[in-house]
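Heads up: the protein sequence lines correspond to chains A and B, in order.
Basically our numbering = 1-based index in the first sequence + 86.
Basically our numbering = 1-based index in the second sequence + 86.
Glycine included, every Cβ here is placed at the ideal spot set by N, Cα and C.
No experiment lies behind these values; they were computed from the predicted model shown.
Protein chains: 2
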Amino acid sequence: MPREITSFSNETVKLIRSLRDKKTRREEGLFLAEGLRILAEARDTGQLPEIIAYSDKSPVHPLAAEIIAATEAAGGDVIVTSPDILAKMSGKDNPQAMLGAYRQPDTSIAAIDRSTSPLWLVAQALRDPGNLGTILRTGDATGAGGLILIDDCADPYSVEAVRASMGAIFTQSVATARWDEFVAWLRSGAGQLVGTSLNTDHDYLEPTYQQPCFLLIGNESQGLPAAYEAECDLLVTMPMLGRADSLNAAVAAAVMAFAVRACWRNAALPGKETT
Amino acid sequence: MPREITSFSNETVKLIRSLRDKKTRREEGLFLAEGLRILAEARDTGQLPEIIAYSDKSPVHPLAAEIIAATEAAGGDVIVTSPDILAKMSGKDNPQAMLGAYRQPDTSIAAIDRSTSPLWLVAQALRDPGNLGTILRTGDATGAGGLILIDDCADPYSVEAVRASMGAIFTQSVATARWDEFVAWLRSGAGQLVGTSLNTDHDYLEPTYQQPCFLLIGNESQGLPAAYEAECDLLVTMPMLGRADSLNAAVAAAVMAFAVRACWRNAALPGKETT
């Protein structure tokens, strides 16, 4: 049976609200996802929340009812509450009708199995959680295995990143590592490290990308440090036809990921030129 | 000589602060841009602010001094003030050291000259100002002429859109139009209208795109209305290899814009297959 919460000062209400803070997320090992669409995406990939909360003031969607029942069957904490208390939990005036608190998975680089996909995205010092979530979403669309976060990146389990990922936080592997850890791991197996750079005239459409390909995306304002570029097996550049010399980081990641996929598709078509 | 402002209740402080509201922006015909980088981009394309404000507590960068002098010479209002008052104007705790209020240009569709570029971006009911600014930035990078906004879009002159554009708000033409206005204008001249859709199996890498090409990007959650798809000369789809069926709108715009440019580059290379 769902547990009804009628008090704003309830401990679970406070806990869920505090999951907006990175420190609490880390201490509790939980993160927040909002909205039926994302919760359904999680369920479809076998992931259920430890706590689920919904409002009793709106009719419960059949899919929501399924997720609630599955969460309850798995021993999760099921909470029914008022729209106002739900709004307090989510920190938004117009909250989604449902939210869930999920266990954060292991994000050590050792947990990444590179054999599961030919394409991996790697972001360095990415500061904007919306960009980070958008890159996860692009990773899903391009069949990437996941996203490896280098140095001091935004938290992939922040509410903004989870929202921008549109559910891809549940389908993409996520790892965090220092640069030297990442390089040691990378070089312990197969893989081509590809960076985008202003310091090359190698056009991004020219190469035949290798598998697995690790696409390295630099910080929003600084790009990649020189030492990181030097470690890359391949540096490519995207033509900039206007006044600016750079793209939004999530846009650059997407253009590169689609270009790599296009290269592999062309190579697979008999009779097609593949250079 | 700069005018010194020491009062939080000064009328110009209130005016600039109120430019965060769409209603005031429309009434005053002004918009706000923040930071030396964006103000320099504006100056380099011949645009100076009507009001410029900077803090006297940090040393003035030589480039900033040039922009201040040019603004003054053009009869603009030059304001020197405290970091606290600058923070009030910008609405941020850590404001950029400089901000400018610029005149909004004419955004009627009739002001667009399609002969100036082979590529134009068109967005329909785009709600996120960050996406809108990112699309402007991508437009600059891909040599687009500008962005045409259809139906009820976010305001391209909002602080968030201007910031995400990284200066492209000053280099890209911007028009706003109802759908029927846009279609009448489009069909009065040359142009291929290209939409991305789930309702086609025409892969986005297959076509030889025509010039001028108008890339139509749909609303973030709904995509394009069926009637708008029906008006397109070409519908294409991008392969989705994961669980999701869509990309972030700014990402989709960028992948398409780079694909169109790649198509034209391939067609221009002698001996290259162009299908």
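Any C-beta of chain B under 8 Å from that of residue i
i: N334(A); result: yes
i: L327(A); result: yes
i: R417(A); result: With chain A covering only 87 through 361, there is no way to say anything about residue 417(A).
i: A254(A); result: yes
i: V341(A); result: yes
i: T360(A); result: Note on T360(A): pLDDT 41, under 50, position unreliable in the model; no value is reported.
i: L321(A); result: no
i: A354(A); result: no
i: T294(A); result: no
i: L291(A); result: yes
i: A240(A); result: no
i: G309(A); result: no
i: T257(A); result: yes
i: R223(A); result: yes
i: T110(A); result: no
i: A330(A); result: yes
i: T220(A); result: yes
i: W271(A); result: no
C-beta neighbour in chain A for residue i, strict 8 Å
i: M184(B); result: no
i: D179(B); result: no
i: A346(B); result: Rather than Ala, the amino acid found at residue 346(B) in this sequence is Val. Cβ-Cβ to chain A under 8 Å: no for V346(B).
i: R213(B); result: no
i: D287(B); result: no
i: L122(B); result: no
i: V260(B); result: no
i: V248(B); result: no
i: V337(B); result: yes
i: L134(B); result: no
i: A227(B); result: yes
i: A160(B); result: no
i: G216(B); result: yes
Where the beta strand (DSSP E) containing residue i begins and where it ends
i: V260(A); result: 259 to 263
i: C239(A); result: Note, C239(A): premise wrong, no beta strand (DSSP E); not H, not E.
Rounded Cβ spacing between residue i and residue j (contact assumed at less than 8 Å)
i: L234(A); j: A270(A); result: One detail in the question is off: residue 234(A) reads as Ile in this sequence, not Leu. With a Cβ gap of about 13 Å, I234(A) and A270(A) do not count as contacting.
i: A362(B); j: I102(B); result: Nothing can be reported for residue 362(B): it is not among the residues displayed for chain B, which extend from 87 to 361.
i: S203(A); j: G231(A); result: 3 Å
i: N305(B); j: Q210(B); result: 6 Å
i: I343(B); j: G253(B); result: Reading off the sequence, residue 343(B) comes out as Ala, not Ile. About 18 Å; that fails the 8 Å criterion.
i: L212(B); j: A183(B); result: About 31 Å separates the two Cβ atoms, so there is no contact after all.
i: Y140(B); j: V99(B); result: At roughly 13 Å, the Cβ-Cβ gap does not stay under 8 Å, so Y140(B) and V99(B) are not in contact.
In DSSP terms, what residue i is bridged to
i: N305(A); result: G309(A)
i: F72(A); result: Lying outside 87 to 361, the shown extent of chain A, residue 72(A) is not represented and no answer is given.
i: V322(B); result: T282(B)
Terminal residues of the alpha helix (DSSP H) in which residue i lies
i: A336(A); result: 335 to 354
Starting from the N-terminal side, write out each stretch of the alpha helix (DSSP H) that is 4 residues or longer and does not extend beyond the stretch 160 to 224 of chain A. 169 to 176
Sequence ranges, alpha helix (DSSP H) only - wholly within the stretch 87 to 168 of chain A, length at least 4: 97 to 104, 108 to 114, 122 to 130, 148 to 159
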